[in-house]
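Visitor:
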Amino acid sequence: MIDIITILGLLLGAILIALLGKVLHIIVQILFYALLAAFVMIFFFGISLDQVLQWGIHTVLWVF
């Protein structure tokens, strides 16, 4: 016989997986647009990769 705690645990687990999937989707989407912007800056504007990496590191450190 399945206990009520097991059913609730499965439901909570499914909800957590769904929420984590949405969060991971947003994170991957942000990373995609950041990489796209970096490639545009490097190839079209001639900015060095080192400069783009420094901007990225400073932005991450500023946010956190």
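With the sequence shown counted from 1, adding 1093 to any position gets you our numbering. All C-beta atoms, glycine included, are put in the ideal place defined by N, C-alpha and C.
In whole angstroms, what is the alpha-carbon distance linking Val1121 and Ala1107?
Guide: Each residue's alpha carbon lies about 21 Å from the other.
Visitor: Excluding five sequence neighbours on each side, which residues of the same chain lie with their C-beta closer than 7 Å to the C-beta of Val1145?
Guide: Closer than 7 Å at Cβ, skipping near neighbours: Ala1131, Met1134 and Ile1135.
Visitor: In three-state terms, what does DSSP make of Ile1150?
Guide: Ile1150 falls in the helix class under three-state DSSP.
Visitor: Any idea what DSSP makes of Asp1143, helix, strand or coil?
Guide: Here Asp1143 sits in helix by DSSP.
Visitor: How long is the line joining the alpha carbons of Leu1124 and Val1153, rounded to whole angstroms?
Guide: Straight-line Cα distance between these residues: approximately 12 Å.
Visitor: Taking the alpha helix (DSSP H) that Phe1132 belongs to, which residues open and close that run?
Guide: Segment Ile1097 to Phe1138, the alpha helix (DSSP H) holding Phe1132.
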